[in-house]
Amino acid sequence: MYDIIGDVHGQAGMLKDLLRKMGYTAANGYFSHPSRKAVFVGDFINRGPQIKETIRIIRSMTENAAAYAILGNHEVNALFYTLLDKEGKHLSKRWSRLRMDLNPTLAEFAGNKEKWNEQVQWMRSLPLFLELDGIRVVHACWQDENIRLLKEAFCENPKLKKKQLKLIGRNHNVLAKAFWETCKGIDFSLPKDLLIFDKEGCAHRSFRSRWWESPEGKTFEELSFESRFELPKYQIPKELVVAREPYPADAPIVFFGHYCMRNGSNRIKHNVCCLDSCVSRKGKLTAYRWSGEKSLLDENFVQ
């Protein structure tokens, strides 16, 4: 039986409250439950006020078999940021620019580089996805073909080797695409003559899409998911559509985070569930208590 927990983003206090609410107790330096395990969907670093403590809680639980955890895009970004060449420089300007998002985390480890490197090593040991007794857990997007490619590339070994990360970071092949879609989702690119702006006035040329649905026959607005801006309400031109199979109705329940659900239900379909409830934007920390059911039950959500 599993308690799948959404993006924590350094909110250690809220995490402790949620664990206690679900019957977890702290002993011997970690939280545990007598008959259940927690599962973290990634994105436990950055943004919040207690990042170091959040890592300690999650790491201590995973290392004592009280929880599982996967990588979110924020942890993946940390791994790429710390990849340096022989001269101690970032492999590309793209990775050096990740520091802005990582600043809250790096600030908490300032003056203790050895401790930070230790946490990076631990994060590299975490998988990108999990298949657990009838459920699936991924940070942003589950596409069967992507998962197959990742399994083949990493030979069922969850630890991401530096050599593999460097290859993914330098290439734009199908494996790199599978890697980034799994931890960041599928962004839909807008046509060159269409530019959209968010509430802060920043321009965007793509938006997060509903990867579990086919884009065919949908408007830009219908295909978008957790967009921070208004999108056109007319149908997407056929020449822009890249066909993909929707998430099957008979597939196991898939749990993920990543998408800041400020409004609406975390239950998207009977077997599709987003547990990110915008904890870093004055939202809530959400969990789902799974006990073997094939379809999501509203009464099993805890916040």
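Going left to right, the sequence shown walks through residues 138 to 440 as the numbering used here numbers them.
Ideal Cβ placement from N, Cα and C applies to all residues, glycine included.
As assigned by DSSP and simplified to three states, the class of residue i
| i | result |
| --- | --- |
| GLN372 | strand |
| PHE246 | coil |
| LEU155 | helix |
| ILE182 | coil |
| ILE194 | helix |
| SER402 | coil |
| ARG219 | It should be pointed out that residue 219 corresponds to Thr in this sequence rather than to Arg. In this structure, THR219 counts as coil in the three-state DSSP scheme. |
| PHE357 | helix |
| ILE417 | Here the sequence assigns Ser to residue 417, which means Ile is not the residue at that position. Helix at SER417. |
| ILE305 | helix |
| ALA386 | coil |
| VAL213 | helix |
| PHE316 | helix |
| VAL391 | strand |
Where residue i falls, given that 16 or more other Cβ within 10 Å makes a residue buried
| i | result |
| --- | --- |
| MET138 | exposed |
| PHE334 | exposed |
| GLN271 | In the sequence on display, residue 271 carries Gly and not Gln. By the 10 Å Cβ count, GLY271 comes out exposed. |
| ASN283 | buried |
| SER428 | exposed |
| ASN214 | buried |
| HIS398 | It is Met, not His, that sits at residue 398 in the sequence shown. When all chains shown are included, MET398 counts as buried. |
| ARG184 | buried |
| CYS411 | buried |
| GLU418 | Here residue 418 is Arg; the residue named in the question, Glu, does not match the sequence. ARG418 is exposed by the Cβ-count criterion. |
| CYS415 | buried |
Per DSSP, cross-strand counterpart(s) of residue i
| i | result |
| --- | --- |
| ASP324 | ARG345 |
| LYS189 | DSSP output for LYS189 lists no bridge partner at all. |
| ASP140 | ALA175 and ARG426 |
| VAL379 | Beta-bridge pairing links VAL379 to no other residue. |
| TYR205 | VAL176 |
| ALA163 | PHE168 |
| ALA149 | Paired residues: none, contrary to the question. |
| PHE334 | ALA340 |
Presumed contact (8 Å Cβ cut-off) between residue i and residue j, rounded CB distance
| i | j | result |
| --- | --- | --- |
| ASP140 | MET159 | 6 Å |
| ASP180 | HIS395 | 7 Å |
| GLU363 | ARG345 | 6 Å |
| PHE246 | TRP232 | The pair is not a contact, with the Cβ atoms about 18 Å apart (cut-off 8 Å). |
| GLY147 | THR191 | 5 Å |
Residue i at chain B interface by Cβ criterion, 8 Å
| i | result |
| --- | --- |
| GLN187 | Among the protein chains of the structure shown there is no chain B, as only one such chain exists. |
- request: Write down every uninterrupted run of the alpha helix (DSSP H) in the stretch 224 to 300 whose length is 4 residues or greater and which is fully enclosed by it, in chain order.
  value: Listed in chain order, they are 230 to 233, 236 to 245, 250 to 261 and 281 to 291.
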